[in-house]
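Below: the structure, in structure tokens.
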Amino acid sequence: MNYPFKMFWGSASADFQYEGGFHEGNRGLITHDIVTDGSHERPRRITYQMPDGTLGSSAYRDPIPANAIGCVHEDVYYPSHHAVDFYHHYKEDIKLLADMGLSMMRFGICWTRIFPTGLEEKPNEEGLQFYENVVDECLKYGIEPMITICHDELPLYLANTYDGWSDRILIDCYVKLCKALFERFKGKVKYWLTFNELNVLQGFSHLGTRNSDAQTTWQAIHHVFIASAKAKILAKEMMPDAMLGAMFATSPAYPSTCHPDDQMAWMAQRRRLFYFSDVMLRGYYPSYAQSIWNEYDVVIKMKEEDVDILKEGTLDFYSFSCYRSTTVDRNDKLGIIALPFGKNPYLKSTPWGWPIDPVSIRYVLNEVYDRYQKPLFIVENGLGEVDQPDENHYVNDTYRIAYLNDHFLEIKKAVEIDHVEVLGYTMWGGIDLVSLSTGEMKKRYGWIYVDMDDKGNGTKNRYPKASYYWMKEFIQSNGNNLVIKDERGKKYE
């Protein structure tokens with residue numbers, strides 16, 4: 001049982017969940033710097049100040065008052081400020097990944113390390129130098145860097161001043177960021193992602209918009225489409241050999257029954273999901289877009305040149321996250337963001353209620369490749385679990401090994417049987433990091449344990465888990481340690 005084909009194997013992270021170094025290197029504030037910690041039971045919150053000085057907060061994805069200014073409150077824990085401190089551990093972390101045999105590391109740029117407010121004319125050299133150090137350290141070990149230019153964030157100043165992506169000025173600010181990065185890293189970085197999980201972005205922390213109504217959100221998304229297309233056009237000029245994609249949350253959805261209305265509900269959900277990638281990979285709005293806009297009484301304001309920009313700036317590949325599957329029912333009401341969480345009685349779930357469904361990754365690979373016929377990257381996948389280290393900080397995470405084993409078998413089927421073109425796989429949080437959805441550390445994904453609790457306490461020392469050594473063997477043996485589920489018995493469970 002092996003992988004007779006080559007692809008990248010790596011780890012993925014986001015700056016505000018992993019990097020830290022909050023007040024170092026002239027870094028400015030980003031929107032996630034005002035998002036508190038939370039838990040599965042207690043939602044994260046966004047903190048702000050009213051014109052009269054009153055402090056307040058709103059639930060993570062809820063609107064904030066129209067005249068509020070996002071800000072940091074004293075005596076509140078914000079996980080992004082220190083995260084797990086990659087800023088000071090990057091050499092150690094990259095060596096740990098290299099010692100596994102990984103061939104790719106996906107990481108996100110903190111926009112405000114390069115332009116602290118977003119409006120500066122010249123980039124911040126300290127920020128560029130930090131990321132160049134990271135890139136060079138990767139290349140030293142033969143690890144291909146993949147850069148996410150914008151991972152669910154923006155400068156807090158642009159959110160407070162312009163209401164984020166609702167204003168077209170953000171397009172120019174973003175393109176300026178791209179130009180600085182392309183100039184610095186051309187010839188060193190081939191693979192780029194313009195945006196992360198655009199199809200689930202909403203609200204102040206992600207889009208910088210105080211309101212999260214349909215008109216505001218869809219208009220902001222249009223501006224993001226134009227920014228991404230302009231980045232691709234610029235990359236073709238500055239880095240002809242580079243490949244640009246974007247990352248989309250792409251959970252499979254199964255109709256809950258064979259009732260025709262459930263089938264139609266499934267179709268509506270998939271259209272809502274692929275609305276974003278249809279524009280960015282095909283270069284135009286799909287015919288069904290108008291029906292979505294009509295549903296919400298949305299009118300997208302476009303400039304005349306936008307049509308040509310979208311057409312010219314189509315992406316080279318599709319990358320996606322896939323952690324779980326869901327079900328769709330005729331009674332589901334789709335919101336602006338089409339991510340239903342229907343339960344599947346045939347699947348077991350994690351402590352956070354996420355179904356474990358290895359077949360889902362083969363499903364998505366086929367669905368997306370059939371739709372676009374472009375290369376695919378799996379850039380987020382993994383198992384968030386409560387790891388229990390022993391007295392030596394060792395975690396015997398056989399459950400994570402089983403999860404990866406079964407998902408890798410399905411990827412193999414997609415390539416060998418279904419002939420899907422898969423360029424690579426980067427597991428989410430190869431080194432433990434802060435959870436985006438809950439803001440806690442106990443939801444761990446990594447091959448490598450980080451000694452830190454939900455409030456940031458701990459040494460932040462790194463300790464390889466059992467899955468680290470399993471993954472190392474997987475890479476060295478080219479997949480010969482994969483075990484078919486029916487044959488493995490009690491080995492991993």
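When the letters of the sequence shown are read in order and numbered with the UniProt record's numbering, they come out as residues 1 to 493. By construction, the Cβ of each residue, glycine as well, lies at the ideal position given by its N, Cα and C atoms.
Please go through the same chain and pick out, in chain order, the residues whose beta-carbon is closer than 7 Å to the beta-carbon of residue i, but skip the five residues on each side of it.
i	result
Thr216	Ser166 and Thr209
Leu329	It is worth fixing the name first, because residue 329 is Asp in this sequence and not Leu. Cβ neighbours of Asp329 beyond the five flanking positions: Ser256, Asp262, Ala265 and Gly342.
Lys485	Asp406
Gly25	Arg113, Glu126, Gly127 and Phe130
Gly187	none
Ile169	Tyr162
I'd like to know whether the C-beta atoms of residue i and residue j end up nearer to each other than 8 Å.
i	j	result
Leu467	Trp447	The amino acid at residue 467 is misidentified as Leu; the sequence shows Ser. The answer is yes: Cβ separation under 8 Å.
Tyr288	Val279	no
Thr426	Ala14	no
Glu153	His73	no
Glu410	Tyr369	no
Pro63	Asn211	yes
Ala231	Leu244	yes
Gly458	Gly382	no
Ile147	Phe107	yes
Val224	Leu198	yes
Val135	Tyr90	no
Ile475	Asp93	no
Pro345	Ser325	no
Gly164	Leu128	no
Tyr394	Tyr463	yes
Leu181	Ile109	yes
Pro340	Ala249	no
Ile292	Tyr275	yes
Asp99	Gly20	no
Lys472	Gly10	no
His88	Phe22	no
Can you give the Cα-Cα distance for residue i and residue j, rounded to whole angstroms?
i	j	result
Gln49	Ile34	11 Å
Arg44	Ala83	15 Å
Ile171	Ile114	16 Å
Ala220	Asn196	15 Å
Tyr323	Ser251	7 Å
Lys491	Lys412	Since pLDDT at Lys491 reaches only 46, below the 50 mark, its modelled position is unreliable, and the value read off the structure follows with that caveat. Approximately 21 Å between the Cα atoms of the pair.
Cys178	Tyr78	28 Å
Asn392	Leu365	39 Å
Ile417	Ser435	35 Å
Leu347	Leu158	43 Å
Gly489	Ala402	Summary for Gly489: the model assigns pLDDT 46, below 50, so the residue's position carries little reliability; its value from the coordinates is reported in the next sentence. Cα to Cα, the separation comes out at about 11 Å.
Lys6	Glu183	30 Å
Ser277	Trp470	34 Å
Trp111	Ala268	34 Å
Ile337	Gly456	31 Å
residue 529	Tyr174	This structure cannot settle anything about residue 529, because the visible part of the chain is limited to 1 through 493.
Tyr141	Met441	28 Å
Leu433	Lys122	31 Å
Per DSSP, which one or two residues make a beta bridge with residue i?
i	result
Ile30	Pro155
Trp428	Ala12
Gln49	Leu55 and Ile69
Glu144	Met104
Arg462	Val450
Arg444	Glu385
Ser349	Pro355
Val84	For Val84, which the question treats as bridged, DSSP gives no partner whatsoever.
Val422	Leu376
Val35	Ile46
Closer than 8 Å by C-beta to residue i: which residues in its own chain qualify, once you throw out the five before and the five after it? Chain order, please.
i	result
Arg282	Thr314 and Tyr372
Asp397	Glu385, Asp387, Lys465, Ala466 and Ser467
Tyr60	Val35, Gly38, Pro43, Arg44, Arg45, Ile46, Gly203 and Ser205
I need the boundaries of the alpha helix (DSSP H) containing residue i, first residue and last residue.
i	result
Trp218	Ala214 to Met238
Val415	Thr398 to Glu416
Gly384	First-last for Gly384: undefined, no H or E at that position.
Val359	Val359 to Tyr372
Thr327	No alpha helix (DSSP H) contains Thr327, which is instead part of the beta strand (DSSP E) from Thr326 to Val328.
Ile292	Ala289 to Tyr296
Glu183	Ile169 to Phe185
Tyr275	Pro260 to Arg282
Leu482	Run containing Leu482: none; DSSP gives neither H nor E here.
Asp75	Careful: Asp75 lies outside any alpha helix (DSSP H) and carries neither H nor E.
Ile309	Asp306 to Glu312
Counting along the chain, where does the beta strand (DSSP E) carrying residue i start and finish?
i	result
Phe317	Phe317 to Ser321
Ala246	Met243 to Ala249
Ala253	Ala253 to Pro255
residue 498	No answer is possible for residue 498: it lies beyond the span of the chain, which begins at 1 and ends at 493.
Trp111	First-last for Trp111: Trp111 to Ile114, but that is the alpha helix (DSSP H), not the beta strand (DSSP E).
Glu380	Leu376 to Glu380
Leu193	Tyr191 to Asn196
Within the same chain, show all residues whose beta-carbon is closer than 6 Å to that of residue i, passing over the 5 residues directly before and after it, in chain order.
i	result
Glu312	Ile233
Asp37	Tyr77, Pro79 and Gly439
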